[in-house]
Amino acid sequence: MKTENNRAWFLVLPVFALVAFSAIVPLMTVVNYSVQDIFGPDDRVFVGAEWYREILQDDRLQQGLLRQFVFSFAILLIEIPLGIAVALAMPRRGRLASLTLVVLALPLLIPWNVVGTIWQIFGRADIGLGGVLVTALGVDYNYAANPFDAWATVLVMDVWHWTSLVALLCFSGLKAIPDAYYQAAKIDGASAWAVFRFVQLPKLKNVLLIAVLLRFMDSFMIYSEPFVLTGGGPGNSTTFLSQTLARLAVGQFDLGPAAAFSLIYFLIILLFCWLFYTTMMQLGRGSQQ
Amino acid sequence: MSFLGWMAWTVPTAIFFAAIAVMLTGMTVWQLVSPSVERRGLLPMATTRGDRLFIGLLGSAFIHLGWMAATGLPLWWALAISIVFLVATMRWG
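Residue numbers (our numbering), protein chains in the order written: chain V, 1264 to 1552; chain P, 2 to 94.
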């Protein structure tokens, strides 16, 4: 086997040092916290795995986790196909293309808590355009009192906020396909569906992988928008994992249990990102062979 | 001491991180001595040594969590199962 020159890896060292300080050292501290009862900087007691046992048997974590999975998979099921569809419908060149790009990028530029505020007002049945419209259609809609309405509003808000990201990624993927592929498909008399299935979709694999990973991680960590929109309510119906964690860590200042919670949360995200990554890389290999 | 004091170190977590560091160093040396070749084992995809170590460690974390969620028995059992799992993944995965 030929030995490769791996010296280029030294160029990664600065990034590694930066990540060490910004991520690895804090994460190690969280691990240290998770096995102790912290009263103050110099006053702490080793408790072993007690916090982990407590958190794993806690209803709040289990219900928050279930809600979180339902939410994340729901938005992936909506945003990924919708984003692809939007990207396919977008004009490829000319002024109209630039205009579409700007309009699509707008929701991405709005700060997350502002998005929550926008939808909080938009969804109100007395003064909000969306709320008034839905009520005028004869639906008894109130996101502050009805869990189903709250869920629908949070989902629509996330779709409004983030589908653009998927669409923009897919658009860049579509732009990168050389015209020769389309010409070859035309000579073969391929239908629009066949072009999509055998030319566009395989070429979109890499951007879709990034889109799925980004949307999964972001939605799994969602905090500001539902916090501003519903405050986690009505009841606990839209309290997702990060909000449960924030209540534990910043609200009650239970640093030990909060650290154990964070690590379980982190491991779940790690597992799912790895699963998505591996599965999509395998799918790509299958289609190449 | 104040330099590391804020990290709230304990002996068990120090041992834990030292073990991870030893594993990573060992894997690096092993890779330099004889580079890993992707191969297909019991797992449904081709993996390198590093992939299998990652799968083994992530699996071990979930074995520990599952053990704590399911039983109140000491974690040493979970550790023993994890070591068997890690070795098996490295060897046959």
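Every residue gets a Cβ at the ideal spot worked out from N, C-alpha and C, and that includes glycine.
A quick note: this is a predicted structure, and the numbers were derived from the prediction, not measured.
- Message: Quick check on V/L1530 - is its C-beta less than 7 angstroms from some C-beta in chain P?
- Response: In the first sequence, the residue the question calls residue 1530 of chain V occupies position 267. True, the Cβ-Cβ gap to chain P drops below 7 angstroms.
- Item | Buried versus exposed call for V/Q1552 [16 or more other C-beta atoms within 10 Å across all chains shown] | Numbered from its first residue, the first sequence carries residue 1552 of chain V at position 289. Note on V/Q1552: pLDDT 44, under 50, position unreliable in the model; the coordinate value appears next. Answer is exposed; the Cβ neighbour count stays below 16.
- Item | Residue from V/F1535, V/P1374, V/P1370 and V/T1398 whose Cα sits closest to the Cα of V/L1472 | Against the first sequence, residue 1472 of chain V aligns to sequence position 209. When each option's Cα is compared against that of V/L1472, the closest is V/F1535.
- Task: Determine the extent of the beta strand (DSSP E) in which V/Q1463 is found, giving its start and end residues.
- Result: Translated into the one-based positions of the first sequence, residue 1463 of chain V becomes position 200. It is not in any beta strand (DSSP E) - V/Q1463 carries neither H nor E in the DSSP assignment.
- Alpha-carbon to alpha-carbon, P/M28 and V/N1269: Here residue 1269 of chain V corresponds to residue number 6 of the first sequence, with the count starting at 1. Here residue 28 of chain P corresponds to residue number 27 of the second sequence, with the count starting at 1. Computed Cα separation, rounded: 16 angstroms.
- For the stretch 1438-1448 of chain V and the stretch 1292-1302 of chain V, state whether three or more C-beta atom pairs, one from each stretch, are separated by less than 8 angstroms. Short answer: they don't touch.
- Task: Could you confirm whether any beta carbon from chain P is found closer than 7 angstroms to the beta carbon of V/Q1552?
- Result: Position 289 of the first sequence, counted from the start, is the residue given in the question as residue 1552 of chain V. Confidence is the limiting factor: at V/Q1552 the pLDDT is only 44, short of 50, which leaves the residue's position unreliable, though a coordinate-based value still follows. Contacts with chain P at 7 angstroms (Cβ-Cβ) do not include V/Q1552.
- Taking the alpha helix (DSSP H) that V/F1302 falls in, what are its first and last residues? Here residue 1302 of chain V refers to the residue found at position 39 when the first sequence is read from its first residue. No alpha helix (DSSP H) contains V/F1302, which is instead part of the beta strand (DSSP E) from Q1299 to G1303.
- Item | the stretch 1478-1490 of chain V touching the stretch 1417-1425 of chain V, judged by at least three CB pairs closer than 8 angstroms | Taking 8 angstroms as the limit for Cβ pairs, the verdict is that the stretch 1417-1425 of chain V does touch the stretch 1478-1490 of chain V.
- Message: For a contact defined as C-beta to C-beta under 7 angstroms, what are the partners of V/T1507 on chain P?
- Response: For the purposes of this step, residue 1507 of chain V is taken as the residue at position 244 of the first sequence. The premise fails here: V/T1507 is roughly 17 angstroms from chain P at the closest Cβ pair, so nothing lies under 7 angstroms.
- Which value, in whole angstroms, describes the spacing of the CA atoms of V/L1538 and V/D1321? Locating residue 1538 of chain V in the first sequence gives position 275, where the first residue counts as 1. Locating residue 1321 of chain V in the first sequence gives position 58, where the first residue counts as 1. Distance between V/L1538 and V/D1321, taken at the CA atoms: about 26 angstroms.
- Query: Whose Cβ in chain V lies nearer than 8 angstroms to the Cβ of P/F63?
  - Reply: Taking the first residue of the second sequence as position 1, residue 63 of chain P is located at position 62. Think of a sphere of 8 angstroms around the beta carbon of P/F63: the chain V residues whose beta carbon falls inside it are L1530 and L1534, in chain order.
- Item | Buried or exposed by the 16-neighbour rule on C-beta atoms within 10 Å, applied to V/I1287 | As a first step, residue 1287 of chain V must be located in the first sequence, where it is residue number 24. Exposed is the call here.
- Message: Is it the case that the stretch 1300-1316 of chain V contacts the stretch 62-82 of chain P, given that we only count it when at least three CB pairs across the two stretches are under 8 angstroms?
- Response: In short, these stretches touch, since the Cβ pair count reaches three.
- Message: I want to verify the contact list: residues of chain V whose CB lies under 7 angstroms from the CB of P/T14, in sequence order.
- Response: Residue 14 of chain P sits at position 13 when you count from the first residue of the second sequence. Here the neighbours are V1294, N1295 and V1298.
- Message: Tell me which residues share the same chain as V/V1470 and place their Cβ nearer than 8 angstroms to its Cβ, disregarding the 5 neighbours each side in the sequence.
- Response: Within the first sequence, numbered from 1, the residue matching residue 1470 of chain V stands at position 207. Short of 8 angstroms from the beta carbon of V/V1470, and not among the five residues preceding or following it, lie these beta carbons of its own chain, in chain order: L1432, C1433, S1435 and G1436.
- Item | Proximity of V/Q1553 and V/F1490 at Cβ, strictly below 7 angstroms | Any question about residue 1553 of chain V goes unanswered here, given that chain V covers just 1264 to 1552.
- Query: Of all the residues that make up the stretch 22-46 of chain P, which are near chain V by a beta-carbon distance shorter than 7 angstroms?
  - Reply: If the cut-off is 7 angstroms between Cβ atoms, the stretch 22-46 of chain P has P36 and M46 near chain V.
- Item | CA-to-CA distance, V/F1461 to P/S61, given in whole angstroms | The sequence position of residue 61 of chain P within the second sequence is 60, counting from 1. The sequence position of residue 1461 of chain V within the first sequence is 198, counting from 1. P/S61 and V/F1461 have their C-alpha atoms roughly 40 angstroms apart.
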